[in-house]
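Each residue of the sequence shown is one higher than the one before, counting from 582 in our numbering.
The next block holds one structure in the form of structure tokens; read it before the comments.
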Amino acid sequence: MKKAPNPSLQEMLATERRARLAAEQLLESKHAELTRANRRLGMHARQLTDEILQQRREVREVRSEAAALKGQASQAQKDLERAHRQATVAERRLWDALETIQDGFAVFNRRDQLLIANRAYLSLFDGLDGIRPGITYGELLQLLVDEGVVDIGAETPGSWLDMMLERWHGDRIEPMVLRLWNDTYVKLMDRRGQDGDLVSLVLDITDTIRYEREIEDARQRAEAAARAKAAFLANMSHEIRTPMNGVVGMSDLLIESDLDEEQRLYAETIKNSAEALLVIINDVLDYSKIEAEKLVLHPEPFDLERAIHEILVLLQSSAGEKGLDLLVDYDMFLPTRFVADPGRIRQILTNLIGNAVKFTVTGHVLVRVTGYHQEDGPFFNLHVTVEDTGIGIAADKLGLIFGEFSQVEDERNRKFEGTGLGLAITQQLVGMMGGEIWVDSVPGEGSCFGFQLTIPEVEPPVATDFSLPGGLHSAMVVDDLPINRMILEKQLTAMGLRVATYRSAMAALNDDPGRFDLVLFDNDMAEMDGLAFAARLRAKGGANPVILMTANPSHLDAHEADLQGIFAVVQKPMLRRDLHLRLHELADAISAAAARPAPAARPRMRLLAAEDNKTNQLVFSKMIKQLDLDVTFANDGIEAVELFRSVAPHLVFMDISMPQMDGKEATRRIREIEARDGLERTPICALTAHAMEGDDQGILEAGLDFYLTKPLRRQEILDRIRAHVPEGIEIDRPEEAPG
Ligand code: ADP
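Below is the structure:
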């Protein structure tokens, strides 16, 4: 072997240096490797830490959730237990309750098997052993029949069972009553539930049935007694009537005979008392006849409107004494002839209208008839009401007044006579005719009694034609009563007229009354009577016919009415037919007059007489009746001044003492008018009651020219008139003219 030369130190150093360098480089690279590894490790560790934290968090959450769930589970458990306890209590209570009630209670399932039944249910069947849960309804019924628990009446057991099962399986199970062997009564009430179960109730109604039977017995006994009593009363009243007729008839004859004052008074008292007694007896007789079911209706044709009218005419005098207006509003489109018992219809109407007049002190009584034709046949449904403005009836008494012997007890009322039977009879009669009666009332304002009836029209029906021939087109209605204006307007409009209504004579006079073809004037107004109205209408140049309506035609001076061109005086209330007849006559007269040339008008002397007293007006007009004059009355000084212009009188008679404005003042104003308008001085003659010394001077100073003292003497008046007849005018009537 070749021995290697010995290295020099330098070489050794270089080698060593190289080795060291290499070592250092290695170290460095290892170091870098380590650092990298370290960093990776760090990152990893951090990631690990994060994961651990995350997991811890999740574990915590899961734990708390688990804890919560555990809590909930135990709550649910507790709730369940409580619900269970409650259900048990409720069931026990329900069952206790079912056991406590005295009625039988049972439930059957959809296969008709008894599920449960309370003791009451079981005991109703006399404690039959077989009746226990599990038994079917059919078996239960069979047991009842076999053991004779139930009274099946005349039925055979088979048919009874069939009937009961059919009922049980029906859609709606009707209640039914069974009689049991021991004379108790039970009522079965069964109802099917939604799931097919059937609840069955069995009520013991023995007491109720017994009670009903007792009531029915008592009612029959009471009715029999009432009928017997009524029959007795009817016989008695009839027996009493015969001698009473003797008393009335004989006292009538007695009054006719020659009696002195005192004897006449006695006889009249006997007659009046007997008549009053007869009215009472008739009421009692009627009432007991109805009660005893002995009253028979006799339907026959009659005229309803006329019946009402006749009753009103009979009541007119007592209404007139109180100043009551009696009015009828009979539906224009309703027939008047019907079939019913006319006597009884009159009785009903007389009672209601009579009461209305009796219990009314001021105002009016209005009978209104309306109705409609039923679909088929001749039947009409009629409504008749009787309305008054009387004392009225308190609300708590309204229900009682149709009872027998009932009279409203209060001090306002007891001054009225009566039996208290009228309305009871009226109600019964309306009931017998198949109708109904009722009443409305406001104390202090009035009452309205009404009844409704369905009765046939007389066949063949009489056509109601209210049309008028030509010539009449318009009418003026003057009436202070709004209802009357309304009724007349309705009637006249239905007759084809144009109608204007006025509440007072003055309102009518101020509105050119001459332009109407006809004036209908209410003569019973306080303001001015029909004759005075007509006179003023004429003074204004109105030549139209006037029809006066009055409750008392006899109070009117026919001759005077004639003079003022009053076409007709009709009695209120008017039948529709009568009104139509009058207007028809008038229309005919107008047509006839139109066909003939008008006679030349004769000029007449115009007189104005101011006098506030109606009687004095009447006296005055009678005194001058024989002369052909155009007289206008003024009711006071103011009217006298007003009329002075329109009438332009040839002579004025002036009462001195008048309300509103006296005769002296009126004369002063007339003189002023004359002076202002440059008129000739009109002679004015004072009529005075003051025949006192020195009075004449005051009168003449006021501008009056003459004076006459009351009481007036005809000759003085006639002389005064004759002294002032204007030239060219004749005041003696043509037919009475001398020679
Ligand atoms: P009477 O014979 O007393 O009039 P009714 O039976 O006819 O008997 O009437 C009974 C009572 O009803 C009357 O006494 C009266 O108190 C009251 N009554 C009847 N109609 C009216 C009426 N139109 N206004 C006020 N009260 C009336």
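Idealized CB from N, CA, C, for every residue including glycine.
Mapping the DSSP letters down to three states, classify Pro-882 as helix, strand or coil.
Three-state result, Pro-882: strand.
Over what stretch of residues does the beta strand (DSSP E) that includes Thr-1213 continue unbroken?
1210–1215 is the span of the beta strand (DSSP E), which, as asked, contains Thr-1213.
Hey, would you say the C-beta of Leu-1002 is under 8 Å away from at least one heavy atom of the ligand ADP?
Yes.
Tell me whether Gly-1279 counts as near the ligand ADP, meaning its Cβ is closer than 8 Å to at least one heavy atom of that ligand.
Outside the cutoff, so no.
Does the structure place the region 1237–1245 close enough to the region 1209–1227 that three or more beta carbon pairs sit under 8 Å?
Yes, the region 1209–1227 is in contact with the region 1237–1245.
Between Met-745 and Tyr-792, what straight-line distance do the alpha-carbon atoms span, to the nearest angstrom?
Straight-line Cα distance between these residues: approximately 27 Å.
Heavy atom of the ligand ADP less than 8 Å from the Cβ of Lys-903, yes or no?
For the ligand ADP, not one heavy atom lies less than 8 Å from the Cβ of Lys-903.
Counting only the same chain and skipping the five closest in sequence on each side, list residues whose C-beta sits under 6 Å from that of Pro-738.
The residues are Val-726.
Any beta carbon of chain C sitting closer than 9 Å to that of Ile-1219?
In summary, chain C is missing from the structure at hand, where a single protein chain is found.
Using beta-carbon positions only, say whether Met-817 and Leu-858 come within less than 9 Å of one another.
Not a contact, by the Cβ cut-off of 9 Å.
Output the boundary residues of the beta strand (DSSP E) element that contains Ser-1055.
From DSSP, the beta strand (DSSP E) with Ser-1055 extends over 1055–1059.
Taking the beta carbon of Tyr-953 as the centre, do at least 16 other beta carbons fall within 10 Å, making it buried, or is it exposed?
So Tyr-953 counts as exposed.
Can you tell me which of the three DSSP states Phe-706 falls into?
In this structure, Phe-706 counts as coil in the three-state DSSP scheme.
So, Leu-896 versus Val-938, is the Cβ gap smaller than 9 Å?
In this structure, Val-938 lies closer than 9 Å to Leu-896 by Cβ.
Please report how far the alpha carbon of Ile-1302 lies from the alpha carbon of Glu-1261, in whole angstroms.
Using only the alpha carbons, I get a separation of about 18 Å.
If distances are taken between C-alpha atoms only, which option among Asn-1091, Ala-1168, Ala-873 comes closest to Ile-1128?
That would be Ala-1168, whose Cα lies nearest to the Cα of Ile-1128.
Could you tell me whether the Cβ atoms of Val-965 and Gly-1031 are closer together than 9 Å?
Taking 9 Å as the Cβ cut-off, Val-965 and Gly-1031 qualify as a contacting pair.
Is it a yes or a no for the region 1092–1101 touching the region 1052–1064, going by three-plus beta-carbon pairs under 8 Å?
Yes: at least three Cβ pairs fall under 8 Å.
Pick from Leu-907, Pro-1041, His-1305, Ala-1221: whose alpha carbon is nearest that of Gln-1152?
Of the listed residues, the one whose Cα sits closest to Gln-1152 is Leu-907.
Please classify Ala-1132: does DSSP put it in a helix, a strand, or coil?
Coil at Ala-1132, not helix or strand.
Check whether the region 1032–1048 touches the region 913–922, counting contact only when three or more Cβ pairs, one atom from each stretch, lie closer than 8 Å.
In short, these stretches touch, since the Cβ pair count reaches three.
Cβ-heavy atom distance between Gly-980 and the ligand PLP below 8 Å?
For the ligand PLP, the structure offers nothing, since it holds only the ligand ADP.
Which ranges would you report for the beta strand (DSSP E) in the region 1213–1271 if only whole runs of at least 3 residues count?
Fully enclosed beta strand (DSSP E) runs of 3 or longer: 1232–1236, 1265–1269.
Beta-carbon separation of Val-1020 and Ile-982 under 9 Å?
Contact flag set, yes.
If we ignore side chains and look at the alpha-carbon of each, how far apart do Leu-1034 and His-1136 end up?
Roughly 38 Å separates the two Cα atoms.
Tell me the DSSP secondary structure of Pro-738 in three-state form.
Note: Pro-738 maps to helix in three-state DSSP.
So is the beta-carbon of Asp-1300 under 8 Å away from any non-hydrogen atom of the ligand ADP?
Result no, Cβ not under 8 Å from the ligand ADP.
Does the beta-carbon of Asn-863, which I'm using as the reference point, lie nearer than 8 Å to any heavy atom of the ligand ADP?
No, since every heavy atom of the ligand ADP falls outside the 8 Å radius drawn around the Cβ of Asn-863.
Identify the residues that DSSP records as bridge partners of Phe-689: which are they?
Paired residue(s): Leu-695, Leu-779.
Could you spell out where the beta strand (DSSP E) holding Gln-1033 opens and where it closes?
That run of the beta strand (DSSP E) goes 1027–1037.
Mapping the DSSP letters down to three states, classify Gln-1008 as helix, strand or coil.
Of the three classes helix, strand and coil, the one that applies to Gln-1008 here is helix, per DSSP.
With a threshold of 7 Å on Cβ separation, who are the neighbours of Pro-916 within its own chain once the five nearest residues in sequence on each side are excluded?
Here the set comprises Glu-1038, Pro-1042, Val-1043, Thr-1045.
I'd like to confirm something about Gly-973: is its beta-carbon nearer than 8 Å to some heavy atom of the ligand ADP, or not?
Yes.
Look at the Cβ atom of Leu-1299, then the Cβ atom of Met-1186, and state whether they are nearer than 9 Å.
Against a cut-off of 9 Å, the Cβ pair of Met-1186 and Leu-1299 comes out as no contact.
Name the DSSP bridge partner or partners of His-1165?
Looking at the DSSP assignment, His-1165 forms no beta bridge with any residue, so it has no partner.
Could you tell me the distance, in whole angstroms, from the CA atom of His-819 to the CA atom of Thr-787?
Their backbone Cα atoms lie some 48 Å apart in a straight line.
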